[in-house]
Amino acid sequence: MDAFLVTFAATFLLALGARDQLIVAQFSDAVGRTGPMLVLGMAVAAASAAAAAYAGWSVAALLPAGAVHLLACLALVLAAIDLALPVHLRSMKEPTRSYVAIAAVLFVRQVMGAARIVIFALALMAIHLWPHAAGGALGGAAAIGLGWYWGKDSFDRAPLLWMRRIMAACLIVAAFLIGSNARFAGL
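Going by numbering that gives the first Met the number 0, the first residue of the sequence shown is number 0, and it counts up by one from there.
In structure tokens form, the structure reads like this:
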């Protein structure tokens with residue numbers, strides 16, 4: 000249960016102001032808050048979280064313990080870099096109505112985002128797959144739902160850059176702690 004809650008909270012917090020959440024918010028402002036967009040965004044968030052958790056859990060089975068810790072450390076550093084960089088989205092000139100195109104863009108943005116990289120890192124060090132997959136899926140779906148509800152204008156007024164940089168600093172500290180623990184894990 001602890002792994003589920005940690006993954007849920009990490010995914011939700013790290014997805015605040017992320018590219019995928021802002022894309023959903025921008026689309027909701029442009030064409031209205033439609034039910035299919037919300038369901039699509041939540042489904043893609045669940046699929047990308049499950050894919051990241053499965054990838055981390057599968058890679059961990061192939062590596063020795065010390066290498067798993069170092070890979071998790073590297074993943075957290077990459078997630079921190081993603082969080083520290085400002086998010087710039089181009090305004091939509093003509094919003095597409097193709098849900099397949101929106102799903103593809105959301106999936107790619109989510110897999111490359113900090114929240115899914117952290118899910119990967121958490122699943123690397125996990126015994127069971129399901130808590131991280133379920134926690135990431137629900138945390139990502141909640142973040143998408145918040146983006147759909149708030150809209151882009153509300154996100155523009157929030158101090159998201161500073162929040163994301165504080166979370167990036169926390170990830171750097173976590174990466175340092177996991178990396179320093181790697182030498183005791185057999186490397």
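We put the CB at the ideal spot given by N, CA and C, even for glycine. Nothing here was measured: the structure is a model prediction, and the numbers come from that model.
Which whole-angstrom value is the C-beta distance of residue i and residue j, which I expect to be below 8 Å?
i	j	result
V117	A78	5 Å
A45	H131	Going by Cβ atoms, the distance from A45 to H131 rounds to 13 Å, so no, they are not a contact pair.
A66	L128	Actually they are not in contact, since the Cβ atoms of A66 and L128 sit about 19 Å apart, beyond 8 Å.
G134	L12	Between L12 and G134 the Cβ distance is about 12 Å, and since that is not below 8 Å, they are no contact.
G178	L88	About 33 Å; that fails the 8 Å criterion.
C72	A157	Not a contact, Cβ separation roughly 30 Å.
Please return the same chain residues whose Cβ sits closer than 6 Å to the Cβ of residue i, not counting the five positions on each side in sequence.
i	result
V23	G40, I143, G146, W147
S47	F106, Q109, V110, R115
R18	V86, R108
G55	F119, A122, L123
T33	none
Excluding the five sequence neighbours on either side, which residues of its own chain have a C-beta within less than 8 Å of the C-beta of residue i, listed in chain order?
i	result
Q20	A14, A142, I143, L145, G146, F154
A49	A132, G135, A136
M0	P130
L62	L70
M162	L15, G16
V104	I22
Nearest to residue i by alpha carbon, out of the options?
i	options	result
A83	A140, F175, L170	L170
A8	A51, A140, V30	A140
D28	G150, L160, S97, G65	G150
V76	L88, V58, A113, P63	A113
Y98	A42, R156, A174, I80	A42
A59	A125, N180, I165	A125
Segments assigned alpha helix (DSSP H), at least 4 residues, entirely inside the stretch 52–127: DSSP runs (the alpha helix (DSSP H)) wholly in the stretch 52–127: 64–83, 98–110, 113–123.
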